[in-house]
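This report refers to the structure that appears directly beneath it.
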Amino acid sequence: MKLYVVDGDAVSEFMGEPGERLLDACQRAGLPLEGTCGGDMACATCHVIVAAEDFARLPPASEEEEDMLDLVPASRRTSRLACQIVLTPAQEMLRLSLPAA
Ligand code: FES
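Residue numbers for the sequence shown follow my numbering, so the first one is 24 and each next one is one higher.
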């Protein structure tokens with residue numbers, strides 16, 4: 024399935040597989056998401072900002088994920104932790120961006 028990372032005016036396509044975590048698809052594509060804690064919701068180095076138009080296609084964040092995102096200074100309304108998103112066909116062509124370093 025196709026996914027897109029948006030950086031200003033530039034849009035790059037990368038591939039994900041249903042059933043894998045968004046974090047794993049991003050890392051395979053070489054995006055600089057560290058994912059330091061391996062998905063334990065302890066680091067937020069997997070923070071991505073989902074395009075507002077696509078946000079509703081994701082399952083809602085858990086309370087724990089919301090709590091972690093609250094601690095991230097660059098967090099936005101459509102922020103998510105990529106380690107908590109398991110891809111399904113509903114997310115085909117999802118667009119996301121990375122927070123500014
Ligand atoms: S990998 Fe640490 S919170 Fe997602």
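No residue lacks a Cβ here, since even glycine has one placed at the ideal position from N, Cα and C.
Bear in mind the structure is a predicted one, so any value in this text is a computation, not a measurement.
ARG51 places its beta carbon 7 angstroms or farther from that of VAL109. The alpha-carbon separation between LEU117 and LYS25 amounts to approximately 8 angstroms.
A residue is called buried once 16 or more other Cβ atoms fall within 10 Å of its Cβ, and SER102 is buried on that count.
Residue pairing by DSSP places SER102 opposite ILE72 in a beta bridge. For the 7 angstroms CB-CB criterion, LEU119 and VAL28 form a contact.
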